[in-house]
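First the structure, in the form of structure tokens, and then the observations on it.
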Amino acid sequence: MKTVIKNLKKIYTSEGKNALTGSDQNTVRIYCNNDIEIENGIIKKITPNISTENDVHIIDGQGCIAIPGFVESHTHPIFFGTREDEFVNRIKGIDYEKMTEKGGGINYSIKKTRDASDKELSDTLKRNIRKFIKNGVTTFEAKSGYALTKEGELRLLKILNQYKQETELDMKITYLGGHLLPKGRKKDDFISEVIETIKIVGQRGLADYFDVWVEKIAFNRDDAALMINEALKNDLKIRIHTNELSCFGGGLLANDLDISSFDHFDFYSEEELNIIAKKGINVTLLPLTQFSLGEENYPNGKKLIKRHIPISLSTDFNPGTSYSSNIQFLAQLAFLKCNMNINEIINGLTINPAVSLGLGDRLGSIEVGKQGDILIMSIPNLESIFYSIGMNNILYTIKKGKIIYRRNI
Ligand code: NIG
Ligand code: FE
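The opening residue of the sequence shown carries number 76 in our numbering; numbering runs sequentially from there.
Next up, the structure:
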């Protein structure tokens, strides 16, 4: 099956299979008036005036621009129930941390998720991912973490794995066993249960990553290290939530442990930056979370990039702190609040998260040999993504050369 995308004004993309940082993160190649040929899902040609035989499927780019499909590397899409009241109360001044400690917040989602049926959870998951596709996501990472018992988390992971079989998107799965100590549980018992679950997850191959929240209201570094060591022994790679609410020092875990990504990182110490920069570990910034919490602690992306740390950006989609799948608004926030420029942000939404998920060899850029995961956006230039606040400019989301979302104008 051959597809040719014609009538594109410009194509903007990074090049290569590696994460970009330093001045390289500020590099985007621009093709003017080129077509793209995709055969069996893989890009074969990027040149002007590609000739088309009869059996070729033609996509009309309508004089728009093309960029690589967004790679969303941090989401919590499987849960039941929503938390509008909490959002409204937060804006009235109720503190997220105190509310969580009293048994609200994540604990509320845990109760609703445990009580939901498989069908309710799988329907919610599908609905959430459809919203991502509409917003240009062609690859995503999905975390469990709203059941927090052995059986409950295995159930969430099973539903995520079933979805992975049927979705047209590329998908990575994370067991977020260390999301929070559920209200009423003793810490040592809970960590033992997580360790027991990690063994099963590893044996059954139910996840690619393990995740733990290293923060005052969740787990400290010693707790996290116990879980991470077991996860590494069981062939799971590690992504970590940390420094979302305060400078808690989760980054120091990189001193002794192999970590694929530190996520949130709204706060950081020099000591953490030193070790993360030395090891070249990816940091995933989630400014929509700060926005939804009504906070102003936006991370300074440029400072990290200058230290040659590769930066990814993600929505952190979840029912509590970031109920948004709007990647373009995320890009705008990063531009306005995180001291990052346009090219750095585009690479932070495409090649860098692809590499952090171990997919940089086939995803994250529009290049010959990579998968035909492409967004056609109905705007005249890249700057317009940032200028059109809150708008969805996606005309087509294309996965492996096939249109999976088409906006009805
Ligand atoms: O990434 N930090 C931990 N977990 C989520 C919040 C989850 C919730 O409030 O439901 C986050 O912000
Ligand atoms: Fe998160």
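Heads up, the beta-carbon is just placed ideally off N, CA and C, and yes, glycines get one too.
Computed from a predicted structure; not experimentally measured.
Under 7 Å Cβ to Cβ from residue i, same chain only, skipping five residues before and after it: list those, please.
i    : result
I351 : G326, A329, F337, V358, I384
N101 : N416, N418, E419
V269 : G252, G253, M302
A300 : L328, L332
T127 : V79, I133
K312 : D283, Y284, S335
G227 : R189
F461 : A406, Q407, F410, I417
K225 : E268, E271, T272
R382 : L348, A352
D310 : G277
Would you kindly work out how many angstroms separate the C-alpha atoms of residue i and residue j, rounded to a whole number?
i    : j    : result
E371 : I169 : 16 Å
H151 : D391 : 7 Å
A191 : I204 : 19 Å
V103 : I292 : 40 Å
I356 : S335 : 6 Å
S367 : T396 : 6 Å
F215 : G433 : 12 Å
P374 : F323 : 15 Å
Q137 : L256 : 52 Å
K77  : D436 : 22 Å
L320 : I449 : 35 Å
H339 : I451 : 29 Å
N295 : V289 : 6 Å
D245 : K474 : 9 Å
R481 : A306 : 40 Å
K209 : N467 : 8 Å
E176 : G369 : 19 Å
D130 : K206 : 32 Å
L457 : K85  : 9 Å
E346 : K353 : 11 Å
E172 : E161 : 12 Å
Q446 : E241 : 18 Å
T317 : Y343 : 9 Å
Taking 7 Å as the cut-off, is the CB of residue i close to at least one heavy atom of the ligand NIG?
i    : result
D341 : no
E243 : no
E226 : no
T88  : no
S387 : no
G180 : yes
T396 : yes
T364 : yes
S399 : no
S321 : no
S440 : no
S192 : no
S336 : no
S431 : no
A184 : Correcting the residue type first, residue 184 is Ser in the shown sequence and not Ala. At least one heavy atom of the ligand NIG is nearer than 7 Å to the Cβ of S184, so yes.
Would you check whether the ligand FE has a heavy atom nearer than 7 Å to the C-beta of residue i?
i    : result
H383 : no
N393 : yes
H132 : no
Give me the Cβ distance between residue i and residue j, rounded to the nearest whole Å; I'm assuming they're in contact under 8 Å.
i    : j    : result
I421 : Y87  : 7 Å
L411 : L388 : With a Cβ gap of about 13 Å, L411 and L388 do not count as contacting.
N427 : I386 : 6 Å
I153 : L95  : Incorrect: roughly 31 Å between the Cβ atoms, too far for contact.
F145 : T364 : So it is not a contact: roughly 17 Å between Cβ atoms.
G211 : I441 : 13 Å between Cβ atoms; not a contact.
I140 : I454 : 6 Å
V276 : L232 : 7 Å
G376 : L360 : 6 Å
I315 : D286 : 6 Å
G97  : G476 : Incorrect: roughly 33 Å between the Cβ atoms, too far for contact.
Identify, in the order they occur along the chain, each residue of the same chain with its Cβ nearer than 6 Å to the Cβ of residue i, setting aside the five sequence neighbours on each side.
i    : result
N108 : P123
G156 : K187
E112 : V79, K119, K120, I125
E114 : K77
For residue i, collect the residues of the same chain with a Cβ closer than 8 Å to its Cβ; drop the 5 residues on either side in sequence, then sort them by chain order.
i    : result
S89  : L95, T102, V103, R104, P143, I421, N422, T425, I426, G439, S440
V430 : K92, N93, A94, N357, P385, G439
L229 : T272, I275, V276, L281
K239 : M246, I248
S463 : Q403, I454
Is there a Cβ of chain E sitting closer than 8 Å to that of residue i, yes or no?
i    : result
L470 : In the displayed structure, chain E is absent; only one protein chain is listed.
At least 3 beta-carbon pairs within less than 8 Å: the region 180–188 vs the region 217–225: Flag = yes, the region 180–188 and the region 217–225 touch.
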